[in-house]
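Below is one structure, written out as structure tokens, with a few remarks after it.
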Amino acid sequence: MKRFLGFVKKEFLHIFRDYRTLIIIFGIPAAQILIFGFVVRTDIKDAGVAVLDLSGDEITQRLTNKIFSSGFFVNNGNLLNYNDIDATFKKGNTKAIYVFEENFGSNLYREGKASMSIITDGSEPNVATLITNYTTAIVNDFNRELNNDAVNSVLLIQPEVKMFYNPKLESHFMFVPGVITLILILICALMTSVTITREKEFGTMEVLLVSPLKPLQIILGKVTPYFLLSFINIILILILSWLVFGLPIKGSVVLLLFESMLYILMSLSLGILISILSKTMQQAIFISFLGLMLPTILLSGFIFPIENMPKVYDVVSKIVPPSYFITIIKGIMIKGIGITFVWKQTLVIFFMTLLFIGLSVSKFKVRLQ
Amino acid sequence: MTGDTVISVKDLVKKFGNFTANDNLNFEVFEGEIFGFLGANGAGKTTAIRILSGLSRPTSGRATVAGFDAGTQPEKIKKNIGYMCQKFSLYEDLTVRENIMLYGGIYGMKLPALKERIHQLLNKLRFEEYENRIISDLPLGLRQKLAFAIAVLHEPRIVFLDEPTGGVDPITRRQFWEMIYETASMNITVFVTTHYMDEAEYCDRVSIMSEGKIVALDTPAELKRQYNAESVEEVFVKIARPPNPPKSGLKPEPDTTGMI
Numbered sequence: 002m003k004r005f006l007g008f009v010k011k012e013f014l015h016i017f018r019d020y021r022t023l024i025i026i027f028g029i030p031a032a033q034i035l036i037f038g039f040v041v042r043t044d045i046k047d048a049g050v051a052v053l054d055l056s057g058d059e060i061t062q063r064l065t066n067k068i069f070s071s072g073f074f075v076n077n078g079n080l081l082n083y084n085d086i087d088a089t090f091k092k093g094n095t096k097a098i099y100v101f102e103e104n105f106g107s108n109l110y111r112e113g114k115a116s117m118s119i120i121t122d123g124s125e126p127n128v129a130t131l132i133t134n135y136t137t138a139i140v141n142d143f144n145r146e147l148n149n150d151a152v153n154s155v156l157l158i159q160p161e162v163k164m165f166y167n168p169k170l171e172s173h174f175m176f177v178p179g180v181i182t183l184i185l186i187l188i189c190a191l192m193t194s195v196t197i198t199r200e201k202e203f204g205t206m207e208v209l210l211v212s213p214l215k216p217l218q219i220i221l222g223k224v225t226p227y228f229l230l231s232f233i234n235i236i237l238i239l240i241l242s243w244l245v246f247g248l249p250i251k252g253s254v255v256l257l258l259f260e261s262m263l264y265i266l267m268s269l270s271l272g273i274l275i276s277i278l279s280k281t282m283q284q285a286i287f288i289s290f291l292g293l294m295l296p297t298i299l300l301s302g303f304i305f306p307i308e309n310m311p312k313v314y315d316v317v318s319k320i321v322p323p324s325y326f327i328t329i330i331k332g333i334m335i336k337g338i339g340i341t342f343v344w345k346q347t348l349v350i351f352f353m354t355l356l357f358i359g360l361s362v363s364k365f366k367v368r369l370q
Numbered sequence: 441m442t443g444d445t446v447i448s449v450k451d452l453v454k455k456f457g458n459f460t461a462n463d464n465l466n467f468e469v470f471e472g473e474i475f476g477f478l479g480a481n482g483a484g485k486t487t488a489i490r491i492l493s494g495l496s497r498p499t500s501g502r503a504t505v506a507g508f509d510a511g512t513q514p515e516k517i518k519k520n521i522g523y524m525c526q527k528f529s530l531y532e533d534l535t536v537r538e539n540i541m542l543y544g545g546i547y548g549m550k551l552p553a554l555k556e557r558i559h560q561l562l563n564k565l566r567f568e569e570y571e572n573r574i575i576s577d578l579p580l581g582l583r584q585k586l587a588f589a590i591a592v593l594h595e596p597r598i599v600f601l602d603e604p605t606g607g608v609d610p611i612t613r614r615q616f617w618e619m620i621y622e623t624a625s626m627n628i629t630v631f632v633t634t635h636y637m638d639e640a641e642y643c644d645r646v647s648i649m650s651e652g653k654i655v656a657l658d659t660p661a662e663l664k665r666q667y668n669a670e671s672v673e674e675v676f677v678k679i680a681r682p683p684n685p686p687k688s689g690l691k692p693e694p695d696t697t698g699m700i
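The listed protein sequences derive, respectively, from chains A and B. If you're matching positions, the first sequence starts at 2 in my numbering and goes up one per residue. If you're matching positions, the second sequence starts at 441 in my numbering and goes up one per residue.
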């Protein structure tokens, strides 16, 4: 045991002495949380919109004023006809154009309904969706005002769109589970595989194997510091998101930490497997990046909306371990669900861990012969 | 020079598939001896050292190291040997002291004894000023000397040195061999492989391997007499190089760098 502790201490020294390792472990998670929280804002402010008002009556004027006074949009001018739409979008600073049909106001009063189009610039799908949602919310609000004004309280615009977007609640949250998933894979799998292959490359592994340390002790000694640091890291990420963005954890914190530990174990065993399969650090980094980092970034959905991806992706996500963890952690943090809803994913991660450990042990024995 | 037998190898065979890396080895090494283990690359030296240091098991035959069987008690062997390999084996980002503490701890040395030993060692090597410097700041010669000192830190019965002086300047090599002599005088057996034939002359006895077999084993003087040669180098060239190059390409020794 004393042997083992001395070895673990040495591993901590490696980590704390190399500022690059420290940056990867603690700097990157903090930076990612702050960048995704502040820079990649998923709520909008001062988005450029233009108006094509074919009716030009009092109602359209009131609605337009209401939209621009909301503070979310900037008026990029009025168009005269449909042909201007394409040219306006091509200038680039206009993200959406509102089109009011002819006789908007009289249609509304006479027939109880009028139509308004929101044409968005689809080349930025996230922004487009946001603008649509915000505008719809404002129009709904306007509807209510009109109904209150009207003496006989008739419902004026028929398709009532529910406001399903809540900028203050959901927008910051979606990326936090993604960042946690990514960071854990990064620290556990990538760093473990690199640190073990480094010993192989430098020849120190040979010396360790000849020493009275058992191979299992060597492996455990190498991964223990990463296990502890990853766990601390999760807690730090959660605290940071809570302090800066006021992110609550709707579900059980204990369950969340338990699931995280399981996922850390899985990532560590994957890292060990990678280190056994690769001979050099470069190889280990390559496998970790291609095999783990990219799928995690793609899967977490905090950069690319999953709905927009082809069907093949479904199949891929079934094989890649992080996808299960993302489902679990999103469920617990955002929806507040319990173990009864995520036990399947938990089992999958558990069996994957066993599989990776089993593969590592069998490969390891072959090498030792 | 005939103390107790510390290494005893009988009919040792190690096969990898159809390839026989060690073909019926037989030899003994005695306590306090400096035993030179020579052979061309691929002759099977590394395979034999790996078996003797408990890293791999013999296919057949028997090897006893420090009284323990290499096939069944490798863990016991590991506690009684030191090892220094051709690659540099210290941690470059740790200080001299941290490296010594680490290996001392791994070999189960008690803290007071370990501290005392560190003090002695630094003093002897005139390393005091380097105690808290990280290894990558030290010149190669110093590192090699330190690596050797660490390999015998726990006073093992046998120390295995696998090409310890590769890439080291002549003066450091000389100092290195002084350390080896000193170690042998402490009754620690030194089992050393080398490609420098002048170093072979310093050994008490020398074995020469070729194609998995030991083809010669005696004192350097006796070998030179038998083969009517001026130097061990001449002996080596006469016997280690097969007269007919093998027809099918000689299979290299199994890769040992990819372990774990």
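Backbone N, C-alpha and C define an ideal beta-carbon position, used for all residues, glycine too.
task: Ignoring anything shorter than 4 residues or poking outside the stretch 652-680 of chain B, list the alpha helix (DSSP H) runs there in chain order.
output: 660-666, 672-680
- prompt: For the putative contact between A/I335 and A/Q346, defined by C-beta atoms under 8 Å, what is the C-beta separation to the nearest angstrom?
  reply: Indexing the first sequence from 1 puts residue 335 of chain A at position 334. Indexing the first sequence from 1 puts residue 346 of chain A at position 345. Wrong, their Cβ atoms sit about 15 Å apart, outside the cutoff.
task: Please say whether A/G93 and A/V75 have beta carbons closer to each other than 7 Å?
output: The residue given as residue 75 of chain A occupies position 74 in the first sequence. The residue given as residue 93 of chain A occupies position 92 in the first sequence. Not closer than 7 Å, so no.
query: Should the stretch 63-72 of chain A be regarded as contacting the stretch 136-145 of chain A, the criterion being three or more beta carbon pairs within less than 8 Å?
result: yes
- request: For A/F290, count neighbouring C-beta atoms within 10 Å of its own C-beta (all shown protein chains included) and say buried if the count is 16 or more, exposed if not.
  value: Along the first sequence, read from residue 1 onward, the residue named residue 290 of chain A stands at position 289. By the 10 Å Cβ count, A/F290 comes out exposed.
query: Which residue comes first and which comes last in the alpha helix (DSSP H) that contains A/S70?
result: As a first step, residue 70 of chain A must be located in the first sequence, where it is residue number 69. A/S70 -> alpha helix (DSSP H) spans 59-70.
message: Distance cutoff 7 Å, beta carbons only. Does A/K11 sit that close to anything in chain B?
response: As a working note, residue 11 of chain A is residue 10 in the first sequence. Yes, A/K11 lies at the interface with chain B (some Cβ there is under 7 Å from its Cβ).
- prompt: So is B/D577 in contact with chain A if we call contact Cβ pairs under 7 Å?
  reply: The sequence position of residue 577 of chain B within the second sequence is 137, counting from 1. Judged by the 7 Å Cβ criterion, B/D577 is not in contact with chain A.
query: Can you give, in chain order, each stretch of the alpha helix (DSSP H) that sits fully within the stretch 200-280 of chain A and has at least 4 residues?
result: 205-211, 216-246, 254-278
query: Are three or more beta carbon pairs between the stretch 619-635 of chain B and the stretch 459-479 of chain B nearer than 8 Å?
result: yes
query: How is the alpha helix (DSSP H) around B/L562 delimited, first residue to last?
result: To locate residue 562 of chain B, count along the second sequence from 1; it is residue 122. From DSSP, the alpha helix (DSSP H) with B/L562 extends over 551-564.
- request: Show which residues of chain B have a CB atom less than 8 Å away from the CB atom of A/F21.
  value: If you number the first sequence from 1, residue 21 of chain A lands on position 20. A quick correction: the sequence has Arg, not Phe, at residue 21 of chain A. Within 8 Å Cβ-Cβ: nothing; A/R21 doesn't reach chain B, min ~11 Å.
- prompt: Can you tell me the Cα-Cα spacing of B/I590 and A/I333, whole angstroms?
  reply: Numbered from its first residue, the second sequence carries residue 590 of chain B at position 150. Numbered from its first residue, the first sequence carries residue 333 of chain A at position 332. The alpha-carbon separation between B/I590 and A/I333 amounts to approximately 52 Å.
query: Who are B/G479's beta bridge partners in DSSP?
result: As a position in the second sequence, residue 479 of chain B is number 39, starting the count at 1. Per DSSP, the beta-bridge partners of B/G479 are B/M649.
task: Look at the Cβ atom of A/T61, then the Cβ atom of A/F105, and state whether they are nearer than 7 Å.
output: Numbered from its first residue, the first sequence carries residue 61 of chain A at position 60. Numbered from its first residue, the first sequence carries residue 105 of chain A at position 104. Yes, the Cβ-Cβ distance between A/T61 and A/F105 is below 7 Å.
query: Near A/T136, which residues of its chain fall below 6 Å by C-beta distance, leaving aside the five closest residues on each side in sequence?
result: Here the question's residue 136 of chain A lines up with position 135 in the first sequence. Contacts found: I119.
message: Could you pull the DSSP bridge partners for B/V469 from this structure?
response: Start at 1 with the first residue of the second sequence, and residue 469 of chain B comes out as number 29. B/V469 is bridged to B/I447.
- prompt: Going by DSSP, what residues sit across from B/T504 in a beta bridge?
  reply: Position 64 of the second sequence holds residue 504 of chain B. Note: B/T504 sits in a beta bridge opposite B/S448, B/D509.
- prompt: Using 7 Å as the limit for Cβ to Cβ distance, is B/G545 near chain E?
  reply: This model lacks chain E altogether; the protein chains it does include are A and B.
A/S363 burial status per 10 Å Cβ neighbour count (16 or more: buried): If you number the first sequence from 1, residue 363 of chain A lands on position 362. Burial call: exposed.
field: Top-ranked residue by Cα proximity to B/V453, from B/G484, B/P514, B/A587
entry: Translated into positions along the second sequence, residue 453 of chain B becomes position 13. Among B/G484, B/P514, B/A587, the Cα nearest to that of B/V453 is on B/G484.
message: With a threshold of 8 Å on Cβ separation, who are the neighbours of B/Y531 within its own chain once the five nearest residues in sequence on each side are excluded?
response: As a position in the second sequence, residue 531 of chain B is number 91, starting the count at 1. Closer than 8 Å at the Cβ level, and outside the excluded window around B/Y531, lie E538, N539, L542, I575.
query: How close, in whole Å, do the beta carbons of B/R597 and B/T629 come, if the pair is a contact with beta carbons under 8 Å?
result: Here the question's residue 597 of chain B lines up with position 157 in the second sequence. Here the question's residue 629 of chain B lines up with position 189 in the second sequence. 6 Å between Cβ atoms; contact.
- request: Could you have a look at A/E161 and say whether DSSP puts it in helix, strand or coil?
  value: Position 160 of the first sequence holds residue 161 of chain A. With a pLDDT of 31 at A/E161, under the threshold of 50, the modelled position of this residue cannot be trusted, and the question is left open.
- request: Give the interface partners of B/E639 over in chain A, defined as CB-CB distance under 9 Å, in chain order.
  value: Mapped onto the second sequence, residue 639 of chain B falls at position 199. Correct list: empty, because the minimum Cβ distance to chain A is about 21 Å.
- prompt: Rounded C-beta distance between B/K585 and A/F203? I'm assuming under 8 Å.
  reply: Taking the first residue of the second sequence as position 1, residue 585 of chain B is located at position 145. Taking the first residue of the first sequence as position 1, residue 203 of chain A is located at position 202. Between A/F203 and B/K585 the Cβ distance is about 18 Å, and since that is not below 8 Å, they are no contact.
query: How many angstroms separate the CA atom of B/V505 from the CA atom of A/P216?
result: Position 65 of the second sequence, counted from the start, is the residue given in the question as residue 505 of chain B. Position 215 of the first sequence, counted from the start, is the residue given in the question as residue 216 of chain A. Whole-angstrom Cα-Cα distance: 21 Å.
field: Where A/F73 falls: helix, strand or coil (DSSP)
entry: In the first sequence, counting from the first residue as 1, residue 73 of chain A sits at position 72. Three-state result, A/F73: coil.
field: With 16 other Cβ atoms within 10 Å as the buried cut-off, status of B/S500
entry: Here the question's residue 500 of chain B lines up with position 60 in the second sequence. It counts as exposed.
- request: Specify the secondary structure class of A/E171 as computed by DSSP and reduced to three states.
  value: Indexing the first sequence from 1 puts residue 171 of chain A at position 170. Confidence is the limiting factor: at A/E171 the pLDDT is only 48, short of 50, which leaves the residue's position unreliable, though a coordinate-based value still follows. Residue state, collapsed to three classes: coil.
- prompt: Between the stretch 512-531 of chain B and chain A, which residues of the former have a C-beta closer than 8 Å to a C-beta of the latter?
  reply: E515, K518, K519, I521, Y523, M524, C525, Q526, K527, F528, S529, L530, Y531
query: Closest to A/T198 by CA distance: which of A/V177, A/K223, A/P213 is it?
result: As a first step, residue 198 of chain A is located in the first sequence; it is residue number 197 there, counting from the start. Nearest of A/V177, A/K223, A/P213 to A/T198, Cα basis: A/K223.
field: Amino acids of chain A, ordered along the chain, whose beta-carbon sits closer than 9 Å to that of B/D533
entry: One-based indexing of the second sequence puts residue 533 of chain B at position 93. Here the neighbours are L14, H15, R18, D19.
message: Rounding to the nearest angstrom, what Cα-Cα distance links A/I250 and A/P296 in this structure?
response: Residue 250 of chain A sits at position 249 when you count from the first residue of the first sequence. Residue 296 of chain A sits at position 295 when you count from the first residue of the first sequence. When the Cα atoms are used, A/I250 and A/P296 turn out to be separated by approximately 25 Å.
- prompt: Listed in chain order, which residues of the stretch 603-626 of chain B have Cβ atoms closer than 7 Å to some Cβ of chain A?
  reply: none
message: So B/K519 and A/P213 are supposed to be a Cβ contact under 8 Å. How far apart are they, rounded?
response: Looking up residue 519 of chain B in the second sequence gives position 79. Looking up residue 213 of chain A in the first sequence gives position 212. Their Cβ separation, rounded to whole angstroms, is 5 Å, which keeps B/K519 and A/P213 in contact under 8 Å.
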